Structures are given as structure tokens and as C-alpha cells.
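**Q** This structure is in C-alpha cells; I'll ask about it shortly.
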Amino acid sequence: KNEVEQSPQNLTAQEGEFITINCSYSVGISALHWLQQHPGGGIVSLFMLSSGKKKHGRLIATINIQEKHSSLHITASHPRDSAVYICAVKSGNQFYFGTGTSLTVIP
Amino acid sequence: DAGITQSPRYKITETGRQVTLMCHQTWSHSYMFWYRQDLGHGLRLIYYSAAADITDKGEVPDGYVVSRSKTENFPLTLESATRSQTSVYFCASQTGWEYEQYFGPGTRLTVT
Numbered sequence: 002k003n004e005v006e007q008s009p010q011n012l013t014a015q016e017g018e019f020i021t022i023n024c025s026y027s028v029g030i031s032a033l034h035w036l037q038q039h040p041g042g043g044i045v046s047l048f049m050l051s052s053g054k055k056k057h058g059r060l061i062a063t064i065n066i067q068e069k070h071s072s073l074h075i076t077a078s079h080p081r082d083s084a085v086y087i088c089a090v091k092s093g094n095q096f097y098f099g100t101g102t103s104l105t106v107i108p
Numbered sequence: 042d043a044g045i046t047q048s049p050r051y052k053i054t055e056t057g058r059q060v061t062l063m064c065h066q067t068w069s070h071s072y073m074f075w076y077r078q079d080l081g082h083g084l085r086l087i088y089y090s091a092a093a094d095i096t097d098k099g100e101v102p103d104g105y106v107v108s109r110s111k112t113e114n115f116p117l118t119l120e121s122a123t124r125s126q127t128s129v130y131f132c133a134s135q136t137g138w139e140y141e142q143y144f145g146p147g148t149r150l151t152v153t
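Now the structure itself:
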């Protein structure tokens, strides 16, 4: 069983395009995290959400608690955005992760 | 160095041997975590710790042992390594449950 599902699994975009990555979850949560994993393997936290919307630079994350869904948007995508984006949810004292969306932005 | 570090970064060991992976953070974060990352499974929580001397199981704890005698250190021990424990292991820390996590660089472990 997968508590967290992401779509798409793979995404290729042209530089400058608007990108959306989706995350759906099946458990009750208190927080949702978006992570970025660089090609070298390092993982960085982008956002932690419990409601509403957050924006950081060209990145926007939204969450709809009722629909159990979150989206990560990247505006004006750039090749340096190429990475794997991972959705994670905190449910009780457990964390569950999606398998990630691999994004490639072509110049 | 400030931050969160893991050692070793790469390790090859044989089936049945005991292996300890180290994690050290300099922020005095209360929470620390161990994850493993495998193709097709994504990240999975092995163990976490809410404070020194407080640890609890995650999603996949079997075959692993943790301890946390000091706030800054959270070692993960494979008491008798198996091939199925070949993986990339990430340590993370967090100041509180509702804050972002900071990840270490990972340890790539191969069990032959």
C-alpha cells in the first residue's frame, strides 16, 4: 500500500515552462513536506505545509486538506531545477514518502 | 563543521557483519531520523528519536538498532547485515515536529 502517490513520475519541460507536480495521500496528516533531491543525491527541504499556500521564489506549494492533495508549482523553470521532487507526509508519529517526480528542464 | 554529517559516506560489508552508521548534528535539534532509500520504494523511516534516550520505531525497523545517548549523535547499527539492507541511508534532524527536516549527505551501504 502506498500512503503517498505522486504524479507524474517523470517530467520533461522546456526552460521557462510552468510546472506542476501533484501529491495525493490517503492518511490523516498534520504536515506535508516537499523535498528536492539533487542529481548528486543530497536532499533539501523546500516547504512544510499544514494548510493553504506557501511561496518561495519561483516555487509555490499548495495543500487541500479536505481533498488530501498537494501541488508543487515551479514558475519560469530553469535547467537548475532539474531534480527529483519528493512529497512526504507526517501522520501521527510516522513519515511517509512518495517515490518522487523526476524533473528534467531542457535549455 | 556546522550542520548534519554522516559517516562513513560509503561502506561495503559482508553478510552477517555488524555495521554502525554515524550521524552527527550541531544544531541541538530535538528530533533525529534514519531513513533508507531504495529504488521503487522511495524514502522509508527506520527509526526516529524525539530526544536523548528516547527512540521509536518507524516503518521498517527490523534488523536495525539505534541509540541516542547524546542529543547531537544518532548512530544506526545493523547487528547482522543482510543483502536486503543494501541501500542509501539518510539521517535527518528537526527542531520540532512541525518544522522542516535537514538531511545529511547519505551513506551508501553495500552488503555482499
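The listed protein sequences derive, respectively, from chains A and B.
Per my numbering, residue 2 is the first one in the first sequence, and the count goes up by one each step.
Per my numbering, residue 42 is the first one in the second sequence, and the count goes up by one each step.
Quick reminder that beta carbons are idealized off the backbone N, C-alpha and C, glycines included.
In this text the structure is predicted, and so the values were computed from the model without any measurement.
(1) So what's B/Q142 in DSSP terms, helix, strand or just coil?
(2) Measuring only between beta-carbons, confirm whether B/G137 sits less than 7 Å from chain A.
(3) Between B/W75 and B/L117, how many whole angstroms is the CB-CB distance? I'm expecting something under 8 Å.
(4) Exposed or buried, A/G93, counting other C-beta atoms within 10 Å across all chains shown (16 or more means buried)?
(5) Flag B/F115 as yes if its beta-carbon sits less than 7 Å from any beta-carbon of chain A, otherwise no.
(6) Taking the beta strand (DSSP E) that A/W35 falls in, what are its first and last residues?
(7) Taking 7 Å as the CB-CB cut-off, is B/L119 touching chain A?
(8) So which residues on chain A does B/Y143 lean against when the C-beta distance must stay under 8 Å?
(9) Give me the Cβ distance between A/A32 and B/E139, rounded to the nearest whole Å; I'm assuming they're in contact under 8 Å.
(10) With a threshold of 8 Å, are at least 3 pairs of Cβ atoms found where one atom belongs to the segment 54-63 of chain A and the other to the segment 72-80 of chain A?
(11) Looking only at its own chain, which residues have a Cβ that is under 6 Å from the Cβ of B/A43, when we skip the five neighbours before and after it?
**A** Based on what the coordinates show:
(1) As a working mapping, residue 142 of chain B is identified with position 101 in the second sequence. Correct three-state label for B/Q142: coil.
(2) Taking the second sequence and counting its residues from 1, one reaches residue 137 of chain B at position 96. Closer than 7 Å: no.
(3) Numbered from its first residue, the second sequence carries residue 75 of chain B at position 34. Numbered from its first residue, the second sequence carries residue 117 of chain B at position 76. That pair is a contact at about 5 Å.
(4) For this step, residue 93 of chain A is matched to residue 92 along the first sequence. Exposed is the call here.
(5) Translated into the one-based positions of the second sequence, residue 115 of chain B becomes position 74. No, B/F115 lies away from the interface with chain A (no Cβ there is under 7 Å from its Cβ).
(6) Here residue 35 of chain A corresponds to residue number 34 of the first sequence, with the count starting at 1. Unbroken beta strand (DSSP E) run through A/W35: A32 to Q38.
(7) Counting from one through the second sequence, the residue named residue 119 of chain B turns up at place 78. B/L119 does not count as touching chain A.
(8) Start at 1 with the first residue of the second sequence, and residue 143 of chain B comes out as number 102. Residues of chain A passing the Cβ test: S46.
(9) For the purposes of this step, residue 32 of chain A is identified with residue 31 of the first sequence, where counting begins at 1. For the purposes of this step, residue 139 of chain B is identified with residue 98 of the second sequence, where counting begins at 1. Confirmed, Cβ separation roughly 6 Å.
(10) yes
(11) Counting from 1 along the second sequence, the entry for residue 43 of chain B is found at position 2. T67.
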